[in-house]
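S.K.: Before anything else, here's the structure in question.
Numbering (this note's numbering), first residue to last: 36 to 274.
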């Protein structure tokens, strides 16, 4: 009656229901290795099915699904943490490119709903790429680091986490400064000055003295290089 089955199809539908019921009994039940909470919910669901209480069985299975998804999240977070630890090992061995790959993998493994954890891993990837570019002379890695820092600025806007945003701006400025010092022209250096100014626009009002001095010094260096390059270009013969 509940499903409004026509009388002439009741026998057919009872056979169909019996088939589903058999599959339910075969598929629902605790297995070795289940966590205690998961095993208890599976046992309750099977008992409800055996009693013919499918409404209660569905409610228990919904609870079971939520618990299993949470368990999957924990496993994914554990796997991401392990990948991150491998990155830290690579950093300790000064294998920066390898570390960046581990950190990127850690970020990919983080399940949705844990964006702060993903940010930490992506920030570590950017740092490793910067170290590779700075210490190993790897210009491509520096370019990648700059791209990562720009992505991080979008992931953590100023209005939500101003100090973290400013720290990322400062890191972006450092990467641009390092790259700009190697290349001709002033475009990268001018962008570095803008990044340092953006960072100082947060650090100074907040009284973040730990960051202010270093950021000011790096800004001054970038600005000096811009002025020196412009002066050199003005001295070039025209014709």
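A virtual CB, placed ideally from N, CA and C, is assigned to each residue, including glycine.
1. Among 132, 114, 236, 165, which has the Cα closest to the Cα of residue 177?
2. Can you tell me whether residue 80 is buried or exposed? The criterion is at least 16 other CB atoms within 10 Å of its CB, across all chains shown.
3. On the CB-based measure, 16 or more other CB atoms within 10 Å of its CB, does residue 159 come out buried or exposed?
4. Report the three-state DSSP secondary structure of residue 252 (helix, strand or coil).
5. Please list, in chain order, all residues of the same chain as residue 226 whose beta carbon is under 7 Å from its beta carbon, the five residues on each side excluded.
6. Skipping 5 residues on each side, what residues in its chain have a beta carbon closer than 8 Å to that of residue 230?
7. By alpha-carbon positions, which one of 123, 110, 215, 232 ends up nearest to residue 202?
8. Rounded to whole angstroms, what is the Cα-Cα separation between residue 175 and residue 75?
9. Return yes when the C-beta of residue 205 is under 7 Å from any heavy atom of the ligand NAD, and no when it is not.
10. Are at least three pairs of beta-carbons, each pair with one atom in the region 136-143 and one in the region 104-123, less than 8 Å apart?
M.R.: Judging by the given coordinates:
1. Counting from one through the chain shown, the residue named residue 177 turns up at place 142. Residue 165 is the option with its Cα nearest to residue 177.
2. Indexing the chain shown from 1 puts residue 80 at position 45. Flag for residue 80 reads buried.
3. One-based indexing of the chain shown puts residue 159 at position 124. It counts as buried.
4. Within the chain shown, numbered from 1, the residue matching residue 252 stands at position 217. In the three-state DSSP reduction, residue 252 falls in the helix class (H, G or I).
5. Here residue 226 refers to the residue found at position 191 when the chain shown is read from its first residue. Non-local C-beta neighbours of residue 226 in its own chain, meaning closer than 7 Å and more than five positions away in sequence, comprise 211, ordered along the chain.
6. If you number the chain shown from 1, residue 230 lands on position 195. The beta carbon of residue 230 sits closer than 8 Å to the beta carbons of 204, 205, 207, 208, 211 from its chain, once the five residues preceding and following it are set aside; these are given in chain order.
7. Locating residue 202 in the chain shown gives position 167, counting from the first residue. Nearest C-alpha to residue 202: 232.
8. On the chain shown, residue 175 is found 140 positions in, with the first residue counted as 1. On the chain shown, residue 75 is found 40 positions in, with the first residue counted as 1. Those two C-alpha atoms are separated by around 53 Å.
9. Ligands displayed in this structure: none; no statement on the ligand NAD is therefore possible.
10. Flag = yes, the region 136-143 and the region 104-123 touch.
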